Amino acid sequence: MLTCAPVRAVAGLLVASLCGTAHANPAEVFGMGSRSAALAGAVSARVDDFSAAYYNPAGLALAPDGAWFGVQGATSRLHANQERLPIQEPIGIVAGITAPAPLHGPLENRVRIGIGLYMLPSTWARVLAHLPDEPFYPYYDNRTQRLVVLPMVAARITDSVAVGIGFNALAGLAGQVVVRDGPTRSLAPRLDEAIPPVLSFNVGGRLTVDPHHSFAIVFRQTFSIPFTTVADTTVAGSPIKIDLAAEGLYSPDELVFGYAYREEGLTFSADVTGSRWTGYPGPYVKVTSELPFVGALASHPPDVPWRNTIGLRLGLENDFGGTILRGGYGYETSPVPPDQAGVTNLLDGPKHLFALGFGFVVDKVKIDAHVQVQLVGSRTLRKTISSSVDTPTFDALHDEDPKTPGVQISNPGYPTMDSGGQVFSGGLTVEFPL
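One rule links them: number in the working numbering = place in the sequence shown (from 1) + 46.
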């Protein structure tokens with residue numbers, strides 16, 4: 047028969063199966079470097095520094111030889127009803143370098159290499175898990191909590207055409223936990239975990255029609271970190287096997303069209319971005335198991351109908367004789383469905399972004415700073431109670447104790463949940479010529 051220890055272990059793992067991971071990349075949320083962030087990210091047709099690794103790798107072909115270092119931070123005034131929800135790991139360090147590739151002949155000075163980095167002060171990556179009914183903002187949750195490594199290479203095909211490719215690199219986690227009865231009847235565990243590399247790409251092109259007009263197109267491939275673990279346990283001769291799988295730190299496929307106009311010291315830029323969130327498998331851990339006397343069990347995470355999004359970003363920059371002022375505006379629809387009558391409390395809304403920044407030069411060292419505010423639209427989730435379901439689903443809840451008078455619901459979003467608020471961020475970036 048099963049002992050209490052494995053029963054508790056199985057129960058704990060099944061509870062863990064209801065936890066979630068979330069999305070990725072702080073550059074998507076707050077920008078990468080103060081120059082691009084101050085323009086609200088509307089830079090695909092004009093970027094020419096280390097942040098090209100994210101916004102448009104083709105911009106590297108026009109970047110100077112330089113090294114960048116800076117710091118960014120954010121604070122949240124997002125709320126779920128009356129509760130304030132903070133941003134985890136709110137401080138990050140940005141860095142990058144660009145240089146010509148060591149080539150000669152026809153390719154000399156036409157191919158450039160570089161790298162863009164976003165680093166956390168105390169860790170490489172952090173993923174927080176949530177229960178399906180826990181209120182949180184998936185657009186912001188975990189997105190500032192990982193190391194971002196973006197190596198890139200770009201080439202000027204002609205004086206008017208540049209192309210580039212960047213790679214979004216990190217690592218996943220896969221392995222096995224094996225537990226057997228030891229020689230003294232104690233549990234003897236063995237852990238075998240691998241860290242396989244995970245790689246996706248950003249590819250872009252840039253066309254400079256004349257000194258005034260340039261156009262860009264960028265594709266960013268889906269990125270996620272797979273987590274898979276098999277727990278294979280034998281206790282008192284009873285085998286217990288549980289498989290856990292999830293995709294954390296997720297970013298969708300994105301297609302960007304950009305335009306920039308220059309006139310003397312003034313530059314206007316615009317980006318339109320489409321994001322394919324309908325391909326997202328969801329932020330919940332999936333579990334399958336084989337238990338003695340019970341047979342096959344599996345978790346049934348909520349099936350969330352994610353929505354594709356469209357975003358518009360505008361930027362304006364003016365050089366006042368060495369002092370540069372920048373401003374930007376962005377709008378993005380929400381990937382989170384506004385109607386969640388059942389178990390989930392995924393919070394979000396359409397977002398308006400306002401950005402300001404400035405830059406100046408001191409002894410050939412360029413200093414840029416920026417601030418941003420993101421306004422997340424208000425939403426109210428309203429729950430529905432259905433007598434036709436015996437377990438909570440995405441579409442409805444059920445009375446958890448029909449024998450007790452009244453409706454017994456423990457979901458924190460019942461009967462309604464209000465959400466919305468603001469996210470404030472800012473930073474400073476310094477460029478050193480090489």
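No residue lacks a Cβ here, since even glycine has one placed at the ideal position from N, Cα and C.
What you are looking at is a predicted structure, and each value in this text was computed from that prediction instead of being measured.
A residue is called buried when at least 16 other Cβ atoms come within 10 angstroms of its Cβ; R130 does not meet this threshold and is exposed. In the structure shown, T426 falls within a strand segment according to DSSP collapsed to helix, strand and coil. Within 10 angstroms of the beta-carbon of K397 lie 16 or more other beta-carbons, which makes it buried. For P72, the enclosing alpha helix (DSSP H) begins and ends at 72-76. Around the CB of Q454, fewer than 16 other CB atoms lie within 10 Å, so the residue is classed as exposed. Relative to F406, the option among P381, E309, S82, G367 whose CA is nearest is G367. Pairing L399 with V331, the inter-Cα distance amounts to about 32 Å. Counted as a single uninterrupted DSSP element, the alpha helix (DSSP H) harbouring A99 occupies residues 98-101. Beta-bridge analysis with DSSP links E300 to R266, S321.
Contact between the segment 410-418 and the segment 317-327 is absent: fewer than three C-beta pairs spanning the two stretches fall below 8 Å.
Note: E363 is bridge-paired with T313, R372 in the DSSP secondary-structure output. Distances from the alpha-carbon of Y460 to those of K429, R252, L301, S335 put K429 closest. In the same chain as L85, and ignoring 5 residues on each side of it, the C-beta atoms closer than 6 Å to its own belong to G361, R372, G374, in chain order. Per DSSP, R158 is one residue of the beta strand (DSSP E) stretching across 157-165. Pairing S260 with T254, the inter-Cα distance amounts to about 4 Å. DSSP, read as helix, strand or coil, puts P285 in strand. With a threshold of 16 other beta carbon atoms within 10 Å, H258 falls short and is exposed. Separation of N457 and E446 (C-alpha to C-alpha, rounded to the nearest whole angstrom) is 10 Å.
Three or more beta-carbon pairs drawn from the segment 199-215 and the segment 150-161 are found closer than 8 Å, and the two stretches are therefore classed as touching.
In the three-state reduction of the DSSP assignment, G79 falls in the coil class. For P152, the three-state secondary structure derived from DSSP is helix. Of the candidates E180, P136, V276, the residue whose Cα lies closest to the Cα of S168 is P136. Proximity to Y186 across T390, P72, F440, R353 peaks at P72, based on C-alpha coordinates. In its chain, beyond the 5 residues on either side, S80, R81, G405, T475 have a beta carbon closer than 6 Å to the beta carbon of D414. Between the alpha carbons of E300 and K449 lies a gap of roughly 50 Å. Contact fails between the segment 416-430 and the segment 95-103, because fewer than three Cβ pairs, one in each stretch, are under 8 Å apart.
Secondary structure at A104: helix, using DSSP grouped into helix, strand and coil. CA-CA distance, Q134 to S471, rounds to 13 Å. Counting every other CB atom within 10 Å of its CB across the protein chains shown gives S433 a total below 16, marking it as exposed. DSSP links L399 through a beta bridge to G376, Q420. Judged by DSSP in its simplified three-state form, V476 adopts strand. The three-state secondary structure of V209, taken from DSSP, is strand.
Counting along the chain, F115 sits inside the beta strand (DSSP E) bounded by residues 112-122. Ranking S122, L196, P146 by CA distance to the CA of G112 puts P146 first. Taking the CA atoms as reference points, R353 sits about 4 Å from P381. The residue among R192, H444, V276 with its C-alpha nearest the C-alpha of M165 is R192.
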